[in-house]
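Residue numbers (our numbering): 4 to 43. Glycine included, C-beta positions come from ideal geometry on N, C-alpha and C. Because the structure is a prediction, the values reported are computed rather than measured. Heads up, the thing below is written out as structure tokens.
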Amino acid sequence: FLVDQGWAPDGAHRELDLHGDGSVTVKQVRLHTDLTTTAA
Numbered sequence: 004f005l006v007d008q009g010w011a012p013d014g015a016h017r018e019l020d021l022h023g024d025g026s027v028t029v030k031q032v033r034l035h036t037d038l039t040t041t042a043a
């Protein structure tokens with residue numbers, strides 16, 4: 004649903020270690036969008 008609204012991954016990501024021991028990790032993905040307005 005985010006892509007349909009103008010958001011898309013930009014290729015950057017990282018793994019987050021939730022407990023500090025490697026037992027639970029999640030991938031965080033950075034998104035980008037164009038916030039410029041067009042003249043009407």
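Could you work out which residue in F4, L5 and G9 is closest to T40 when comparing CA atoms only? G9
*asked:* Give me the residue from L38, A42 and R33 with the minimum Cα distance to A11.
replied: R33
Q.
Below 8 Å on the Cβ atoms is my contact criterion, and I expect T28 with L38 to pass it. Report the Cβ-Cβ distance as a whole number of Å.
A. With a Cβ gap of about 31 Å, T28 and L38 do not count as contacting.
Point to revise | Euclidean distance between Cα positions of V6 and H35 | key: 10 Å
Helix, strand or coil for D20 per DSSP?
-> strand
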